[in-house]
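Here is the structure we will look at, set down as structure tokens.
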Amino acid sequence: MNNFDKVYHDLLERITTEGSFKDDRTGTGTYSVFGHQMRFDLTEGFPLLTTKKVLFKMIATELIWFIRGDTNIRFLLEYDNNIWNEWAFKKWVESEEYEGPDMTDFGRRALEDEDFNALYQAEMKQFKERVLGDDEFSRMYGSLGNVYGKQWRDWVGPDGESIDQLKNVIEAIKTNPDSRRHIITAWNPAEIESMALPPCHSFFQFYVKDGRLSLQLYQRSADVFLGVPFNIASYSLLLLMVAKECGLEAGDFVHTMGDAHIYANHLEAVDKQLSRKSFEPPALKINTDASIFEIDYEDFEVVDYESHSYIKAPIAV
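Shown next as structure tokens:
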């Protein structure tokens, strides 16, 4: 088992053996532990898990979306990235303008009822087409509110001034690498109610030592089966990008979690993943000298990624 997959599997096993059952916001229920930390040394490769296929394109385009300060799913849909669709769709089907069939609890019902799933897929298809093709509809229902990208690039200060946290931190790493204030936070209490989903990966800090840049993330809520593999790869990619921007080598990605949980309806999928052996981890190349703020998805190259097949599981909205 390669080190990256082993660290992740250890977390899955800890939750399945030690986790306490808790009711949750979605009504699904979770098995949960509080306080867990994983460490990934990026000199060993890129931590794209191999015991199930993880779509790098989804990770990279979402991260670029954050970095650009975008909060509308139209950019993601242009790359056929559907990972935020459900939250935007939920806002649409719960709006007064929506006149289609009842979509209550669509995530669970789509998995359990084939007839409803066909109806849901048709409604979702129409929704995506309207977001892509109708500017006003996209503005109203493609927006997720003041989520990650807004906070990273346009935090509103006490006097109403815009604070570009990402730009400021990169400049600080370059000019004052030993500072203990290389911090970006997406958790803005004043704007939580304006977000489709309050930030789960809420706070991160950079650290420079011996020409190497490391990053530690604090994630308040961690959907370990579906979300965490994406979070691991996303923040590792961000670390590589910022390190390149600052002329440093990438060091460790440290992933600290508060409520680390497995949804009750993911347990069978978890068992399937735990039964698998890993492959060697891939490498990641950034094939451009462009600024982090100008990098496109096409500038990335994942080298020698071999993995087992996808494992599907329902998303809790």
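Numbered by the working numbering, the letters in the sequence shown go through residues 3 to 319 in order. Positions of the beta carbon are idealized from the N, C-alpha and C atoms, including for glycine. No experiment lies behind these values; they were computed from the predicted model shown.
Member of the options whose CA lies at the smallest distance from the CA of residue i
i: Tyr122; options: Val133, Asp136, Thr106 and Arg132; result: Thr106
i: Glu20; options: Arg27, Gly37, Asp7 and Lys8; result: Gly37
i: Gln167; options: Ile288, Phe205, Arg141 and Asp136; result: Phe205
i: Ser293; options: Asp26, Lys8, Ile66 and Thr52; result: Ile66
i: Asp212; options: Ile75, Leu242, Thr30 and Asp180; result: Asp180
i: Pro316; options: Asp12, Gly162, Leu134 and Ile85; result: Ile85
i: Met60; options: Val95, Glu300, Glu116 and Tyr33; result: Glu300
i: Arg214; options: Leu242, Ile288, Pro49 and Thr187; result: Leu242
Exposed unless 16 or more other CB atoms sit within 10 angstroms - verdict on residue i
i: Gln221; result: buried
i: Glu308; result: exposed
i: Tyr150; result: buried
i: Ser280; result: buried
i: Ala192; result: exposed
i: Asn148; result: buried
i: Asp306; result: exposed
i: Phe23; result: exposed
Whole-angstrom C-beta distance between residue j and residue i, which should lie under 8 Å
i: Ile185; j: Phe42; result: That pair is no contact at about 20 Å.
i: Asn87; j: Met126; result: 7 Å
i: Leu276; j: His11; result: 6 Å
i: Tyr33; j: Ala266; result: 7 Å
i: Tyr237; j: Phe208; result: That pair is no contact at about 11 Å.
Assigned secondary structure, residue i (DSSP; H/G/I helix, E/B strand, else coil)
i: Phe108; result: helix
i: Ser340; result: The chain is shown only over 3 to 319; residue 340 falls outside these bounds and no answer can be derived.
i: Phe21; result: Looking at the sequence provided, one finds Gly at residue 21 rather than Phe. Note: Gly21 maps to coil in three-state DSSP.
i: Gly29; result: coil
i: Glu131; result: helix
i: Gly150; result: First, the residue type needs correcting, since residue 150 is Tyr and not Gly in the sequence shown. Helix at Tyr150.
i: Gly253; result: strand
i: Asp180; result: coil
i: Phe302; result: strand
Min CB distance residue i to chain C below 8 Å
i: Val272; result: The structure shown contains no chain C; it holds only a single protein chain.
Which residues DSSP lists as bridging residue i, in chain order
i: Val226; result: Val226 pairs with nothing; no bridge assigned.
i: Gln167; result: The partner list for Gln167 (beta bridge, DSSP) is empty, contrary to what the question assumes.
i: Gln207; result: Ile185 and Gln218
i: His38; result: Met259
i: Ile264; result: Tyr33
i: Ala285; result: Val305
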